[in-house]
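Trainee: Quick note: my numbering has the sequence shown finishing at residue 596, numbered continuously throughout. Note that beta-carbon positions come from the ideal geometry of N, C-alpha and C, so glycine has one too. This is the structure I want to talk about, given as structure tokens.
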Amino acid sequence: AEYGGRISAIVDVKTRDGNKKHFAGKINSSPFNSKLLLEGPLKPYVQGEGSSSFILSYKNSYLENTAPIVYPYVNDGTLPYSFSDLYAKLSFNSSQGSNAKIFGFNYQDKVNFPNSTSYKWNSNGFGTKFLLVPGSSKTLVDGSINYSDYLIEQIEQDERPRSSGIKGYNVNLNFSYALRESDKIRYGIEMNSFRTEFEIYNAFDRRISQYENTAEINGFFNYLRNFNKKFLLETGIRLQRYASLQENSLEPRLRAKYIFNQRWRIKGSAGLYSQNLMSAVSDRDVVNLFYGFLSGPKDLPSTFKGESITSKLQKARHAVFGVEYDINSKSEVNVEGYIKDFTQITNINRDKIFDNNSENADKPDILKVNYIIEEGEAYGFDITYKYESKQWYVWAVYSFNIVNRFDGVRTYQPHFDRRHNINLVNSYDFGEDLLWSANLRWNFGSGFPFTLTQGFYERLDFGDGGTTDYVTENGDLGILYDDINRGRLPYYHRLDASLKRTFLVSKKDSKTDDDKDKNKIEAILSVTNVYNRENIFYFNRIDYKRENQLPILPSLSVSYKF
């Protein structure tokens, strides 16, 4: 119940603090990019005293510049991909356990296909997080204040830009209290506000845009009970207040885990979820690289499937069940199945062909409104196997998923419906002192849905009405689309391999275990896309031009850790 505002999934990202004892870092360089990591104490750690530290990470690619020299055989040396990532964090810790963190980040990604489409992704933000440990109380207090700004832009040959931006802040305050060793409660409040700026053209070349501010205030309560260290039961409730829509959502949550013995465990969870943020893509895209974000619109249809719409929120019900089994002390298997019932979803109206104004008042709503109501379901299962020993690490995952949507007219599969997915990771350390390491990574994914092209035609807009000279006027190129997402992209699969050799510059100090990785050089010979699979990255529907992902790319990188 601590997390909400989303109807599918939430990722909780945690970052580590900088080294509290000594200055350290890592420098890495390869034909693709360079990386720099610096960390160390501002006030060194001493037992019984407070401390502070910093960590700074920067990555920058220069593949666009090195490709003509290092990889001239790939697209005549043209690899138009670039990125830069900057992250910094300050940590302050008291001797009693309280702490405060301050962080900031800036991520920029860009791809510019010659004589075609260009994309830009920019993301930046900053914030602070704190934990208070009162000396005379059993209650822990934590919270955070965060701000983020995200923008994606796409420019095509028709010079009709698509853009989507979302920026906002989040403030939360939480309290944790242990009633006794087997009972814990956690509760808190959260406030957030964001602004969305969105512009896109649908398959009928009608402009859809939104510029809106949204505010939410939420509260949650969790109770966790451990019965004899065998059965864990967590119940919770979350109340979401969507101020801009003047709506409330009460969302119960349940999570449980039962430990049969040292090897067998079962687990499950269920809950209700709501959301006021929607994503949008264009049916014109064969490969969806543009994902727009909008706050939940107010101008929705009044009915869906003949029933009145009483809420403007997107809503879902989730249920998950899983089994964990430890084969032995080194390997384990995890199997999880899930079902997500999306009872109400908001989407862009792909059938809009008229502007929603007084001139088109007599036209059906389905042909002029910007947004529609849908329902859907997603279900599937994951099987995960992990093996870990002193020399070997194996991680294997197979996922099966089915996602369906119904928009009141048709049933279809959304663009992210991937039926099969496999991830394999294998690492083997060998040689004297295990200074050699061989790594393999293979990924397989079945094709995503996309809308096929049936043909092209000359589109006349009849801007002069009945007096338009359609005989001599030159129209624009129009595209006749098939039913939505009846096509499937080719299967994706790729094998990456690497061989690493570590050279110790200085031996580990037996008095400080954290020095065990200090002062060493790593040389890594790697091959991206070993068997040169042509995986699609972008496809221009009009020019019938395909851009693939990275081909086979050998590289040698060197890093120095100190």
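So what's Thr418 in DSSP terms, helix, strand or just coil?
Mentor: Counted from its first residue, the sequence shown places residue 418 at position 384. Here Thr418 sits in strand by DSSP.
Trainee: Across which residues does DSSP place Phe355 in a beta bridge pair?
Mentor: Taking the sequence shown and counting its residues from 1, the one referred to as residue 355 is at position 321. According to DSSP, which records beta bridges pairwise, Phe355 is partnered with Gly302, Gly371.
Trainee: For the segment 339-355 against the segment 240-260, do three or more pairs of beta-carbon atoms, one drawn from each stretch, fall closer than 8 Å, so that the two count as touching?
Mentor: No, because fewer than three Cβ pairs between the segment 339-355 and the segment 240-260 fall closer than 8 Å, the two stretches do not touch.
Trainee: Could you tell me the distance, in whole angstroms, from the CA atom of Ala531 to the CA atom of Ile200?
Mentor: Here residue 531 corresponds to residue number 497 of the sequence shown, with the count starting at 1. Here residue 200 corresponds to residue number 166 of the sequence shown, with the count starting at 1. Using only the alpha carbons, I get a separation of about 37 Å.
Trainee: How would you call Ser544, buried or exposed, if buried means at least 16 neighbouring beta carbons within 10 angstroms?
Mentor: What you label residue 544 is simply residue 510 of the sequence shown in a count that begins at 1. Low per-residue confidence applies at Ser544: pLDDT is 47, beneath 50, and the placement is therefore not dependable, though the value from the model is reported in the following sentence. So Ser544 counts as exposed.
Trainee: What's the call for Thr49, buried or exposed, on a 16-neighbour Cβ count within 10 Å?
Mentor: Translated into positions along the sequence shown, residue 49 becomes position 15. Exposed.
Trainee: Can the beta-carbon of Ile387 be found closer than 8 Å to that of Leu401?
Mentor: Against the sequence shown, residue 387 aligns to sequence position 353. Against the sequence shown, residue 401 aligns to sequence position 367. Going by C-beta atoms, Ile387 is nearer than 8 Å to Leu401.
Trainee: For Gly489, list the residues DSSP reports as bridge partners.
Mentor: For the purposes of this step, residue 489 is taken as residue 455 along the sequence shown, with counting starting at 1. Paired residues: Leu514.
Trainee: DSSP three-state label for Thr100, please.
Mentor: Along the sequence shown, read from residue 1 onward, the residue named residue 100 stands at position 66. Thr100 falls in the helix class under three-state DSSP.
Trainee: Kindly list the residues whose CB is nearer than 6 Å to the CB of Arg493, restricted to its own chain and excluding five residues on each side of it in sequence; keep chain order.
Mentor: Translated into positions along the sequence shown, residue 493 becomes position 459. If we look at Arg493 and ignore the five residues flanking it on each side, its Cβ neighbours are Gly509, Asp510, Gly512.
Trainee: Is Phe482 buried or exposed, if buried means 16 or more other CB atoms sit within 10 Å of its CB?
Mentor: Here residue 482 refers to the residue found at position 448 of the sequence shown. So Phe482 ends up on the buried side.
Trainee: Along the beta strand (DSSP E) that carries Tyr107, what are the first and last residues, could you check?
Mentor: In the sequence shown, the residue the question calls residue 107 occupies position 73. Here Tyr107 belongs to no beta strand (DSSP E), and DSSP marks it neither H nor E.
Trainee: Using the beta-carbon count (16 or more within 10 Å), is Ala277 buried or exposed?
Mentor: By one-based count along the sequence shown, residue 277 stands at place 243. Exposed is the call here.
Trainee: Please state whether the Cβ-Cβ distance between Gln447 and Asn381 is less than 8 Å.
Mentor: Locating residue 447 in the sequence shown gives position 413, counting from the first residue. Locating residue 381 in the sequence shown gives position 347, counting from the first residue. No, Cβ-Cβ distance for Gln447 and Asn381 is not below 8 Å.
Trainee: Between which two residues does the beta strand (DSSP E) containing His454 stretch?
Mentor: Here residue 454 corresponds to residue number 420 of the sequence shown, with the count starting at 1. Looking at the DSSP string, the run of the beta strand (DSSP E) that includes His454 is 454-464.
Trainee: Please go through the same chain and pick out, in chain order, the residues whose beta-carbon is closer than 7 Å to the beta-carbon of Phe66, but skip the five residues on each side of it.
Mentor: In the sequence shown, counting from the first residue as 1, residue 66 sits at position 32. Closer than 7 Å at the Cβ level, and outside the excluded window around Phe66, lie Ser95, Leu97, Ser589.
Trainee: With a floor of 4 residues, list each alpha helix (DSSP H) that falls wholly inside the segment 173-212, ordered by position along the chain.
Mentor: The qualifying runs do not exist here; there are none.
Trainee: Below 8 Å, how does it come out for the segment 523-538 and the segment 548-567: are there three or more Cβ pairs, yes or no?
Mentor: Touching, yes, given that three or more Cβ pairs across the two stretches are closer than 8 Å.
Trainee: Do you know how far the Cα of Asn435 is from the Cα of Leu273?
Mentor: For the purposes of this step, residue 273 is taken as residue 239 along the sequence shown, with counting starting at 1. For the purposes of this step, residue 435 is taken as residue 401 along the sequence shown, with counting starting at 1. C-alpha separation (whole angstroms): 30 Å.
Trainee: Could you tell me how far apart the beta carbons of Thr377 and Ala350 are, in whole angstroms, since I believe they sit closer than 8 Å?
Mentor: The residue you call residue 377 lines up with position 343 of the sequence shown. The residue you call residue 350 lines up with position 316 of the sequence shown. That pair is a contact at about 7 Å.
Trainee: Would you identify the three-state DSSP class for Leu347, choosing helix, strand or coil?
Mentor: Position 313 of the sequence shown, counted from the first residue, corresponds to residue 347. It is coil, neither helix nor strand.
Trainee: Taking three-plus beta-carbon pairs below 8 Å as touching, is the segment 327-347 in contact with the segment 227-235?
Mentor: These segments touch.
Trainee: Quick one: grab the DSSP three-state call for Ser392.
Mentor: Start at 1 with the first residue of the sequence shown, and residue 392 comes out as number 358. Residue state, collapsed to three classes: helix.
Trainee: Would you check if there are 3 or more beta carbon pairs closer than 8 Å linking the segment 103-120 to the segment 70-86?
Mentor: Too few Cβ pairs lie closer than 8 Å, so no.
Trainee: In whole angstroms, give me the CA-to-CA distance for Ser128 and Asn295.
Mentor: Indexing the sequence shown from 1 puts residue 128 at position 94. Indexing the sequence shown from 1 puts residue 295 at position 261. Taking the straight line joining both Cα atoms gives about 40 Å.
Trainee: Is it the case that the segment 578-587 contacts the segment 37-48, given that we only count it when at least three CB pairs across the two stretches are under 8 Å?
Mentor: Short answer: they don't touch.
Trainee: Roughly how many angstroms lie between the CA atoms of Asn204 and Asp183, to the nearest whole one?
Mentor: As a working mapping, residue 204 is identified with position 170 in the sequence shown. As a working mapping, residue 183 is identified with position 149 in the sequence shown. Spanning the two alpha carbons is a distance of roughly 12 Å.
Trainee: The beta strand (DSSP E) spanning Arg580 covers which residue range?
Mentor: For the purposes of this step, residue 580 is taken as the residue at position 546 of the sequence shown. Unbroken beta strand (DSSP E) run through Arg580: 579-582.
Trainee: Quickly, what does DSSP pair Phe139 with across the bridge? List them, please.
Mentor: As a first step, residue 139 must be located in the sequence shown, where it is residue number 105. Answer by DSSP bridge pairing, in chain order: Tyr121, Gly159.
Trainee: Take Leu486 as the anchor and find which of Leu514, Tyr462, Glu224 has the nearest alpha-carbon.
Mentor: Start at 1 with the first residue of the sequence shown, and residue 486 comes out as number 452. Cα-wise, what sits closest to Leu486 is Leu514.
Trainee: Note down the Cα distance separating Gln244 from Thr337, rounded to an integer number of angstroms.
Mentor: The count along the sequence shown starts at 1 and reaches residue 244 at position 210. The count along the sequence shown starts at 1 and reaches residue 337 at position 303. Answer to the nearest angstrom: the Cα atoms are 22 Å apart.
Trainee: Grab me the residues of Tyr325's own chain with a C-beta within less than 8 Å of its C-beta, minus the 5 sequence neighbours each way, in chain order.
Mentor: Translated into positions along the sequence shown, residue 325 becomes position 291. Excluding residues within five positions, the ones whose Cβ falls inside 8 Å are Ile186, Ser198, Ser313, Ala314, Val315.
Trainee: Do you know whose CA, among Phe571, Tyr594, Val592, Glu341, lies nearest Asn146's CA?
Mentor: Locating residue 146 in the sequence shown gives position 112, counting from the first residue. The option with the nearest alpha carbon to Asn146 is Phe571.
Trainee: If Asp441 sits next to Glu408, beta carbons under 8 Å apart, how far is it from one beta carbon to the other, in whole angstroms?
Mentor: Sequence index remark: in the sequence shown, residue 441 carries index 407 (1-based). Sequence index remark: in the sequence shown, residue 408 carries index 374 (1-based). That pair is a contact at about 5 Å.
Trainee: From Phe415 to Ser433, what distance separates their C-alpha atoms?
Mentor: As a first step, residue 415 must be located in the sequence shown, where it is residue number 381. As a first step, residue 433 must be located in the sequence shown, where it is residue number 399. Each residue's alpha carbon lies about 6 Å from the other.
Trainee: What first and last residue would you give for the beta strand (DSSP E) that runs through Glu556?
Mentor: Counting from 1 along the sequence shown, the entry for residue 556 is found at position 522. It spans 554-562 - the beta strand (DSSP E) in which Glu556 sits, taken as one unbroken run.
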